[in-house]
Structures are given as structure tokens and as C-alpha cells.
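Numbered by our numbering, the letters in the sequence shown go through residues 180 to 310 in order. Glycine included, every Cβ here is placed at the ideal spot set by N, Cα and C. If you're wondering where the values come from, they're calculated on a predicted model, not measured in any experiment. All remarks here apply to the structure that follows.
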Amino acid sequence: MRALIVEDEFLSRKVLRSFLMTLFEVDIVVNGREAVEAFKLGHDENRPYDLILMDIMMPEVDGIEALQKIRALETKHNYRPRVKVIMTTALDDPRTVIRTFHDGEASAYIVKPVAKDKLYAELEKLGLLHK
Numbered sequence: 180m181r182a183l184i185v186e187d188e189f190l191s192r193k194v195l196r197s198f199l200m201t202l203f204e205v206d207i208v209v210n211g212r213e214a215v216e217a218f219k220l221g222h223d224e225n226r227p228y229d230l231i232l233m234d235i236m237m238p239e240v241d242g243i244e245a246l247q248k249i250r251a252l253e254t255k256h257n258y259r260p261r262v263k264v265i266m267t268t269a270l271d272d273p274r275t276v277i278r279t280f281h282d283g284e285a286s287a288y289i290v291k292p293v294a295k296d297k298l299y300a301e302l303e304k305l306g307l308l309h310k
């Protein structure tokens with residue numbers, strides 16, 4: 180299985196990679212624009228991502244906007260199954276949570292700092308981790 184980490188903070192990238200590296204082939208990008216490009220490339224090479232872990236607040240293109248672009252590509256090209264996307268953010272306000280699920284169609288939402296057990300619980304709920 181393949182995972183894409185989309186995170187602009189170096190330490191967060193390292194931590195998330197350490198959590199996922201035994202479960203997935205992991206790629207890392209640092210902003211939403213690169214995330215959309217990596218997503219497209221994965222499909223072009225017939226190696227789509229099973230999981231995207233995406234920060235919300237990033238430079239250039241934020242996580243919700245990037246996810247909207249990814250969902251639009253899935254619809255346009257009829258990509259199935261849709262990629263599972265876990266949004267990560269330091270923001271825990273209700274408005275951000277609603278935007279994430281409604282506007283971005285995220286699969287899950289985790290507040291930073293991301294704990295390994297919380298991440299693994301979400302992966303299990305999404306059918307990406309079997310105990």
C-alpha cells in the first residue's frame with residue numbers, strides 16, 4: 180500500500196513517516212500544490228495512493244483546497260476507490276472540522292500532535308490497518 184504525507188513542518192513529517200513506514204510505501208510533499216501533483220502522478224503511473232495524511236494550514240495551497248482538487252480529479256476521471264484522506268491540524272474548532280468534512284470530503288480528522296495510537300485507530304476504522 181502507498182501513503183502520501185503532505186506536511187510543511189519538518190518534525191511533523193519525520194514523526195508521521197516513522198508511524199507509517201512499516202505499513203506503507205511512503206512519499207512526502209510539503210504543500211497542497213505538490214500533493215495534487217503527486218496524486219495525479221500516482222494515477223498516471225497506475226500506482227495510486229491508498230492514504231493521504233494532509234495538514235490543513237500550508238503555504239501555496241492549503242489542505243482543504245488541495246483535497247477539493249483531488250476529489251474533483253477523482254470525479255472527473257472516475258477513480259475508484261476514492262483515496263482515504265486523514266486531515267491533520269492544530270485547529271480544533273468546530274468550523275474547521277465542518278469545513279474539512281463538508282468542503283473537503285475528508286475521511287477522518289486528527290488534531291496535532293498526532294499520537295501513534297490515535298492514527299492507527301483511524302487507519303483501522305478506514306480499513307487500512309488490520310489487527
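Beta-carbon within less than 7 Å of Ile243's beta-carbon, same chain only, minus the 5 sequence neighbours each way: which residues are those? Ile235, Arg278, Thr279, Asp282, Gly283
State the CB to CB distance for the pair Leu232 and Thr267, rounded to an integer number of angstroms; the pair is presumed to be in contact (CB under 8 Å). With 8 Å as the limit, Leu232 and Thr267 qualify as a contact, their Cβ atoms being about 6 Å apart.
Take the Cβ of Ala251 as the centre, count every other Cβ of all protein chains shown within 10 Å, and call the residue buried at 16 or more, exposed below. exposed
Determine which residues share a DSSP beta bridge with Tyr288 and list them. When DSSP reads this structure, Tyr288 sits in a beta bridge with Met266.
As assigned by DSSP and simplified to three states, the class of Val208: strand
DSSP three-state assignment for Ala294, whether helix, strand or coil: coil
8 Å CB neighbourhood of Lys297 in its chain, flanking five on each side removed: Ile289
Close-in-space but distant-in-sequence residues of the same chain around Asn210 (CB under 7 Å, 5 per side omitted): These residues qualify, in order along the chain: Asp187, Met237, Pro238, Glu239, Val240.
When the Cα atoms are used, what is the spatial distance from Gly201 to Arg274? First, the amino acid is wrong: residue 201 is Thr here, not Gly. Taking the CA atoms as reference points, Thr201 sits about 34 Å from Arg274.
Need the endpoints of the alpha helix (DSSP H) that Val194 sits in, please. 189-199
C-alpha gap between Arg261 and Asp223, whole angstroms: 15 Å
Which partner residues does Val185 have in the DSSP bridge list? Val208, Met233
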